[in-house]
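K.L.:
Got a structure here, written out as structure tokens. Questions coming.
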Amino acid sequence: MIRVRVRAEDRGEHVIISEGANIYTNMEYIILTLTLLEGANIYPAEIEECLAAHPSLVDSAVFGLPDPEYGQQIHAAVQLKPGVNLTKADIQDWVKGKLASLKVPKGVSFHDLLPRNSSGKMMKRDIKAGLLKKAEKIKSRL
Numbered sequence: 310m311i312r313v314r315v316r317a318e319d320r321g322e323h324v325i326i327s328e329g330a331n332i333y334t335n336m337e338y339i340i341l342t343l344t345l346l347e348g349a350n351i352y353p354a355e356i357e358e359c360l361a362a363h364p365s366l367v368d369s370a371v372f373g374l375p376d377p378e379y380g381q382q383i384h385a386a387v388q389l390k391p392g393v394n395l396t397k398a399d400i401q402d403w404v405k406g407k408l409a410s411l412k413v414p415k416g417v418s419f420h421d422l423l424p425r426n427s428s429g430k431m432m433k434r435d436i437k438a439g440l441l442k443k444a445e446k447i448k449s450r451l
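In the working numbering, the protein residues as written are 310 to 451.
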């Protein structure tokens with residue numbers, strides 16, 4: 310086994326990988342999808358699992374977005390079932406009732422369809438990039 314140091318948001322995380330295995334890729338993905346909030350490690354998969362149990366949601370993606378005060382804030386991109394209307398507060402209340410308050414998404418965006426690649430993997434980077442681009446356009450208008 311080899312011990313390596315993988316950096317995520319200027320904070321090092323130690324992982325152990327086997328030579329010749331794909332464990333490195335998987336561990337790197339886990340670390341890079343980890344959201345660091347107020348010194349706590351928040352794993353988006355835990356929040357996505359909570360949202361998957363919501364009867365009005367089809368799909369969700371959770372990730373960290375930049376925040377000047379905390380470094381990152383949790384954001385949930387959700388796809389509602391047809392004909393359903395929910396608010397940001399509805400989503401937050403659902404998570405608040407099931408997980409620690411630190412894990413409640415501060416931002417929620419609603420999407421007609423959340424993109425997936427040909428193998429079915431959620432394309433979180435594309436969703437995140439679209440939200441950041443939208444935020445930049447809004448900032449530039451101010």
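The beta-carbon is built from N, C-alpha and C at its ideal position, and this holds for glycine as well.
For the beta strand (DSSP E) that ALA413 lies in, which residues bound it at each end?
P.N.:
First, the residue type needs correcting, since residue 413 is Val and not Ala in the sequence shown. No beta strand (DSSP E) contains VAL413, which DSSP labels as neither H nor E.
K.L.:
Could you tell me if the beta carbon of PRO391 falls within a distance shorter than 7 Å of some heavy atom in the ligand MG?
P.N.:
Of ligands this structure carries none, so the ligand MG is not represented either.
K.L.:
Along the chain, where does the alpha helix (DSSP H) containing GLY439 start, and where does it finish?
P.N.:
433 to 450
K.L.:
Helix or strand or just coil, what does DSSP make of LEU423?
P.N.:
coil
K.L.:
PRO414 and ILE400: beta carbons closer than 8 Å?
P.N.:
yes
K.L.:
What number of angstroms, rounded off, separates the C-alpha of GLU378 from the C-alpha of GLN388?
P.N.:
28 Å
K.L.:
Assuming LYS443 contacts VAL417 (C-beta within less than 8 Å), just tell me the rounded distance between them.
P.N.:
With a Cβ gap of about 14 Å, LYS443 and VAL417 do not count as contacting.
K.L.:
Count the other CB atoms, across all protein chains shown, that sit within 10 Å of the CB of ILE447; report buried if there are 16 or more and exposed otherwise.
P.N.:
With fewer than 16 Cβ atoms within 10 Å of its Cβ, ILE447 is classed as exposed.
K.L.:
Which value, in whole angstroms, describes the spacing of the CA atoms of ILE383 and PHE372?
P.N.:
6 Å
K.L.:
Could you check which residue in HIS420, LEU374, ASP435 and CYS359 has the C-alpha nearest to that of VAL393?
P.N.:
HIS420
K.L.:
Output needed for SER428: all residues of its chain with C-beta closer than 8 Å, excluding positions within five of it in sequence on either side, in chain order.
P.N.:
Same-chain partners within the cutoff: there are none.
K.L.:
Enumerate, from N- to C-terminal direction, the unbroken alpha helix (DSSP H) stretches of 4 or more residues contained entirely within the stretch 365 to 418.
P.N.:
397 to 405
K.L.:
Classify SER369 as buried or exposed, calling it buried when 16 or more other Cβ atoms lie within 10 Å of its own Cβ.
P.N.:
buried
K.L.:
When DSSP labels each residue in this structure, what does ALA330 get in the three-state scheme?
P.N.:
With a pLDDT of only 49 at ALA330, under 50, the local geometry of the prediction cannot be trusted, and the value read off the model is given with reservation. Correct three-state label for ALA330: coil.
K.L.:
From this set, ALA385, LEU441, ALA438 and ASN426, which residue's C-alpha is nearest GLU355's C-alpha?
P.N.:
ALA385
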